[in-house]
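Reviewing the structure listed below.
Numbering (this note's numbering), first residue to last: 5 to 340.
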């Protein structure tokens, strides 16, 4: 007869008659039952040791582990900002620096959605004057590097500046606060300049002017070769179309600071559907080859290319060109 497996009580009605009549079978049954108990306990021990306990530990670890926080939320929880909107403004202005355990340095973060995993992460918020637009902060962060340039340090104090693409006036505001003597602003649009700059006697504005044709402005015809510094921030046009005309207004020892936006230099084939450059290697290749050759042929000496600490509105990485006139050379013609 084949008995049901398990504890004796589970199949006692099957074994009752057989066990009464056979002591040997009774002994065999008891021994078999003990073996089953040991096997079951072994299975339970294996389950607890190698499955249940590890899973419990993992669950507790995940429960205790703190979830990463967005950078703007992180600043509010740390008590550094009163609201997320204030935190986002500071981040977009490039004023928030977070310590990186990888580089062991503070890095400027410009995206509010950046995740911070540790609440104890050191953070620093730069204190500097309020500027009228986000573009001004891009230049503000660059100026200390240029002032300490090893071969050609930037001099802003008492400088006459030509601001091409003045728009709201971020660059102009930044330079005036750095001690610039006077700024002449050029823009193709109208009524964009911040009211505080419109009323500033150190600012002269020319609106509705295409930067490719600066020489057509009567008031500027006599000012060629008179600007110590030219800054350029334009959109929807290649900067190659602007530099040749701008160079005529630079003094022999003057400097140019131009914000280069690769999305307007590389063409639509290099952009994704959102208008962002697909691969930043394309931007680097453009700067170090095609564009560098262009400005050398133009009569400029590149003093350096610098990444903008703040990305463009859509997220494109932008670059600053810092350049000066080539010594003892006049501007050559550019072949088309």
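Where a beta carbon is used, it is the ideal one built from N, C-alpha and C, also for glycine.
Between the CA atoms of residue 106 and residue 201 - distance to the nearest angstrom: In a straight line, the C-alpha of residue 201 is about 42 Å away from that of residue 106.
Residues near residue 198 in its chain [Cβ-Cβ closer than 6 Å; skip 5 each side]: If we look at residue 198 and ignore the five residues flanking it on each side, its Cβ neighbours are 136, 172, 173.
Residue 99, DSSP secondary structure in three states: Reduced to three states, the DSSP call for residue 99 is coil.
Candidates 211, 203, 255: closest to residue 196 by CA position: Selection 211, 203, 255 evaluated against residue 196 yields 211 as nearest (Cα-Cα).
C-alpha gap between residue 178 and residue 141, whole angstroms: Approximately 8 Å, taken between the alpha carbons.
Separation of residue 72 from residue 167, as counted between CA atoms: Their Cα atoms are separated by approximately 42 Å.
For residue 243, three-class secondary structure by DSSP: Correct three-state label for residue 243: helix.
As assigned by DSSP and simplified to three states, the class of residue 331: DSSP, read as helix, strand or coil, puts residue 331 in coil.
Exposure of residue 2, with buried meaning 16 or more beta-carbon neighbours within 10 Å: The requested residue 2 is not part of the displayed model; the chain covers only 5 to 340.
Reduced DSSP category for residue 109 - H, G, I as helix; E, B as strand; rest coil: Annotated three-state conformation of residue 109 is strand, per DSSP.
Residue 330 and residue 305 closer than 8 Å at C-beta: Their beta carbons are under 8 Å apart, which means residue 330 touches residue 305 by this criterion.
Rounded separation between residue 241 and residue 110 - CA only: Their Cα atoms are separated by approximately 35 Å.
Entirely enclosed alpha helix (DSSP H) segments - the stretch 191-215, minimum 4 residues: Counting whole runs of 4 or more residues, the stretch 191-215 contains the alpha helix (DSSP H) stretches 199-202.
In DSSP terms, what residue 305 is bridged to: Looking at the DSSP output, residue 305 sits in a beta bridge with 328.
Residues bridged to residue 104 (per DSSP): Among the bridge pairs identified by DSSP, residue 104 is matched with 109.
Contacts around residue 214, its chain only, beta-carbon distance under 8 Å, and the 5 residues preceding and following it disregarded: Within the same chain, residue 214 has close Cβ partners 192.
Reference residue 316, options 238, 128, 181, 120, closest by Cα: Answer by Cα proximity: 238.
Bridge partner(s) assigned by DSSP for residue 74: 119.
Burial state of residue 97 (16 or more Cβ within 10 Å): Per the 10 Å Cβ criterion, buried.
Given residue 114 as reference, the closest of 75, 267, 165 once Cα atoms are compared: With distances taken between CA atoms, residue 114 lies nearest to 75 out of 75, 267, 165.
Spatial distance of residue 176 from residue 279 (CA atoms): Separation of residue 176 and residue 279 (C-alpha to C-alpha, rounded to the nearest whole angstrom) is 28 Å.
Classification of residue 162 by the beta-carbon crowding that lies within 10 angstroms, buried from 16 upward: Residue 162 is classed as exposed because its beta carbon has fewer than 16 other beta carbons within 10 Å across all chains shown.
Supposed contact pair residue 190 and residue 170 - C-beta distance, whole angstroms, cut 8 Å: Between the beta-carbon of residue 170 and that of residue 190 there is about 6 Å, and that keeps the pair under the 8 Å contact cut.
Opposing strand residues paired with residue 231 [DSSP bridges]: Bridge partners of residue 231: 254.
Distance, residue 257 Cα to residue 251 Cα: Rounded to the nearest angstrom, the two C-alpha atoms are 12 Å apart.
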